[in-house]
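Chains as they are written, first to last, in the numbering used here: chain A, 1 to 116; chain B, 1001 to 1113.
Take a look at the structure below.
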């Protein structure tokens, strides 16, 4: 079946502009995650959605970052007033429901964000 | 909190030679362990995972990894490397009570002809 898809694949924006990144999880996966991969650093967790539960936003680096998940499927990560340090690859992953056991996360191809 | 260390930033190996990538984790109990591969411009692809049971795990593309509790390690191996194995490899750890994966910094593998 189809994997996790993300759009756009590349985004170049000017400092101070807002951007929206989209993630389409694997059908049937109720858990969705966003990670950020910055140059020279590993992947860092940003946010986690599970069904209709309140998301875990503990990894969001600042209040300029927000995310929503509509209808329990597609998710949008929004970065307001972008800064150059926001330049990174933003990866989305999905998994089956986390229920007392860790589920395998499957990753999308990522969105490469460049802030000029 | 759990953490992962990949001691080797970059490894160069000849095509046909064996490959071993090191991964050490820090966690008080038995963790869930993963190896992912990322080709240039691509997302992360799961190579293999360890949750419990047999400590030698077989994955895709001819890779295997061995969980060694005494050494807190989960090293990835391949007996004979192909040019297409050139990529960045990430080890990750998760725990039963935390869905967030902690990733190592990655090891870049270069394959020379």
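Don't be surprised by glycine CBs; every beta carbon is placed ideally from N, CA and C.
In the structure shown, the three-state DSSP call for residue 1015/B is coil.
Taking 9 Å as the CB threshold, residue 95/A lines the interface with chain B.
The C-alpha of residue 59/A lies about 8 Å from the C-alpha of residue 44/A.
Interface criterion met: the Cβ of residue 1098/B is under 9 Å from a Cβ in chain A. The alpha-carbon separation between residue 111/A and residue 1106/B amounts to approximately 19 Å.
Here residue 82/A is buried: its Cβ has 16 or more other Cβ atoms, across all protein chains shown, within 10 Å. The criterion of a C-beta distance shorter than 9 Å is satisfied by residue 1110/B and residue 1011/B. For the options 5/A, 91/A, 79/A, the alpha carbon positioned closest to that of residue 14/A is the one of 79/A.
Secondary-structure assignment with DSSP links residue 1026/B through a beta bridge to 1003/B. In chain order, 1046 make up the part of chain B whose C-beta sits under 8 Å from the C-beta of residue 106/A. Secondary structure note for residue 1098/B: its beta strand (DSSP E) is the uninterrupted segment 1098 to 1103.
For residue 82/A, there is no enclosing beta strand (DSSP E), as DSSP marks it with neither H nor E. Under the Cβ distance rule, residue 1092/B counts among the residues neighbouring chain A, one pair being separated by less than 9 Å.
Just measuring C-alpha positions, the residue of 1093/B, 1057/B, 1081/B sitting nearest residue 1015/B is 1081/B. Under the three-state reduction of DSSP output, residue 56/A falls in the strand class. Residue 108/A counts as buried, since no fewer than 16 other beta carbons sit within 10 angstroms of its beta carbon. Taking C-beta atoms as the reference points, residue 97/A and residue 42/A fail to come closer than 9 Å. Taking the beta carbon of residue 1042/B as reference, the chain A residues within 9 Å of it are 109, 110, listed in sequence order.
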